[in-house]
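Residue numbers (full-length UniProt numbering): 1 to 242.
Don't be surprised by glycine CBs; every beta carbon is placed ideally from N, CA and C.
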């Protein structure tokens, strides 16, 4: 018994060392980074890309290269809430004002076709609340539909839950406190979207983003809510390679 336990611990240590080596290898393959690319490519970020491609170095590097190119082109960190607020008026997708039992951020997606891009590698776990009355599909068949819009690794993280289904209720209770769980799943919450309240929250995030990414200017006011104003990217040179 002790030998098996020792072997198991040794295997775990070896796996951890090998994965750490992969992170360092991926980091070294990009050479010295600067500016926001340097700020983005933390060890934790690199690890997520490796996990997303099952620790395949070549696939992970290709994925990260595509993301850095995409971020350089579209600069998502510069997008202000005031520029996209109109898209959120219906509450089709928004960040909840609570977390799950593990402290993770909760995104609420209203029924409709949703697409997750290849740059959403941070997705760690998804729970889809399917309203069959809207999809108009027999329970279970919607999984085959959603599967086409997600890569296989992400699809494995998706849990489908259904109102009034006891298994779904138990699953949801394992993730959420009763005060945050919708009434259809045995909780006490009524998930009602308040656009003004959400806008205030997003405006605060704009201020935080400006500070995080080093914008020189503060925020401008639009429709009563502030948003991070775009400023030139500060120059941050990586230290010379040793």
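Collapsed DSSP secondary structure at residue 145 in the structure displayed:
Taking the chain shown and counting its residues from 1, one reaches residue 145 at position 145. Helix at residue 145.
Which residues DSSP lists as bridging residue 105, in chain order: Here residue 105 refers to the residue found at position 105 when the chain shown is read from its first residue. Bridge partners of residue 105: 99.
For this session: Find out if the Cβ-Cβ distance for the pair residue 149, residue 169 is shorter than 8 Å.
Result: Locating residue 149 in the chain shown gives position 149, where the first residue counts as 1. Locating residue 169 in the chain shown gives position 169, where the first residue counts as 1. Taking 8 Å as the Cβ cut-off, residue 149 and residue 169 do not qualify as a contacting pair.
task: With DSSP collapsed to three states, give me the class of residue 215.
output: For the purposes of this step, residue 215 is identified with residue 215 of the chain shown, where counting begins at 1. Residue 215 falls in the coil class under three-state DSSP.
Report task. Check whether the Cβ atoms of residue 107 and residue 84 sit closer than 8 Å, and answer yes or no. Result -> Reading the chain shown from its first residue, position 107 is the one you call residue 107. Reading the chain shown from its first residue, position 84 is the one you call residue 84. It is not a contact, given that the beta carbons lie outside the stated cut-off.
message = Among 35, 9, 97, 23, whose alpha-carbon lies nearest the alpha-carbon of residue 190?
response = Looking up residue 190 in the chain shown gives position 190. Among 35, 9, 97, 23, the Cα nearest to that of residue 190 belongs to 97.
What is the residue span of the alpha helix (DSSP H) that residue 57 lies within?
-> Residue 57 sits at position 57 when you count from the first residue of the chain shown. Where residue 57 is concerned, the enclosing alpha helix (DSSP H) stretches over 57-74.
Item checked: Same chain, Cβ closer than 6 Å to residue 198, five either side skipped, listed in chain order -> The residue labelled residue 198 in the question sits at position 198 within the chain shown. If we look at residue 198 and ignore the five residues flanking it on each side, its Cβ neighbours are 94.
Which of the three DSSP states is assigned to residue 129 in this structure? On the chain shown, position 129 is the one that residue 129 refers to. Residue confidence for residue 129 is low, a pLDDT of 48 falling below 50, so the modelled location carries little weight and cannot support an answer.
Candidates 154, 171, 156: closest to residue 162 by CA position:
The sequence position of residue 162 within the chain shown is 162, counting from 1. Of 154, 171, 156, the residue nearest in Cα terms is 171.
Determine the direct distance from the alpha carbon of residue 215 to that of residue 76, and round the result to whole angstroms. Within the chain shown, residue 76 is the residue found at index 76, counting from 1. Within the chain shown, residue 215 is the residue found at index 215, counting from 1. The alpha-carbon separation between residue 76 and residue 215 amounts to approximately 13 Å.
message = In this structure, how does DSSP classify residue 159 when only helix, strand and coil are distinguished?
response = The sequence position of residue 159 within the chain shown is 159, counting from 1. Strand at residue 159.
Q. With a cut-off of 8 Å, does the C-beta of residue 170 fall near any C-beta of chain D?
A. In the displayed structure, chain D is absent; only one protein chain is listed.
Spatial neighbours of residue 225 within its chain, please: C-beta separation below 8 Å, excluding the five flanking residues on both sides. Walking along the chain shown from the start, residue 225 turns up at place 225. With a pLDDT of only 46 at residue 225, under 50, the local geometry of the prediction cannot be trusted, and no value is derived from it.
Residues bridged to residue 182 by DSSP?
Taking the first residue of the chain shown as 1, we reach residue 182 at position 182. The partner list for residue 182 (beta bridge, DSSP) reads 189.
Cβ-Cβ separation, residue 63 to residue 48 (assumed contact under 8 Å), whole Å: In the chain shown, counting from the first residue as 1, residue 48 sits at position 48. In the chain shown, counting from the first residue as 1, residue 63 sits at position 63. Not quite, the Cβ-Cβ distance comes to about 10 Å (not below 8 Å), so this is no contact.
query: Taking the alpha carbon of residue 36 as the point to measure from, which residue in 173, 165, 73, 60 has its own alpha carbon closest?
result: By one-based count along the chain shown, residue 36 stands at place 36. For the residues 173, 165, 73, 60, the minimum Cα distance to residue 36 belongs to 73.
Quiz item: Just how far apart, CA to CA, sit residue 152 and residue 46?
Solution: Here residue 152 refers to the residue found at position 152 of the chain shown. Here residue 46 refers to the residue found at position 46 of the chain shown. If you take the alpha carbons of residue 152 and residue 46, they lie about 20 Å apart.
>> I believe residue 177 touches residue 71 by the beta-carbon criterion, under 8 Å. Please report the beta-carbon distance rounded to the nearest angstrom.
In response: For this step, residue 177 is matched to residue 177 along the chain shown. For this step, residue 71 is matched to residue 71 along the chain shown. Actually they do not touch by this definition, with Cβ atoms about 35 Å apart.
- Task: Please classify residue 89: does DSSP put it in a helix, a strand, or coil?
- Result: Locating residue 89 in the chain shown gives position 89, counting from the first residue. Residue 89: coil per DSSP, three-state reduction.
Please report the distance separating the alpha-carbon of residue 43 from that of residue 23.
The residue given as residue 43 occupies position 43 in the chain shown. The residue given as residue 23 occupies position 23 in the chain shown. Taking the straight line joining both Cα atoms gives about 7 Å.
Fill in: With 16 other Cβ atoms within 10 Å as the buried cut-off, status of residue 29
In the chain shown, counting from the first residue as 1, residue 29 sits at position 29. Residue 29 comes out exposed.
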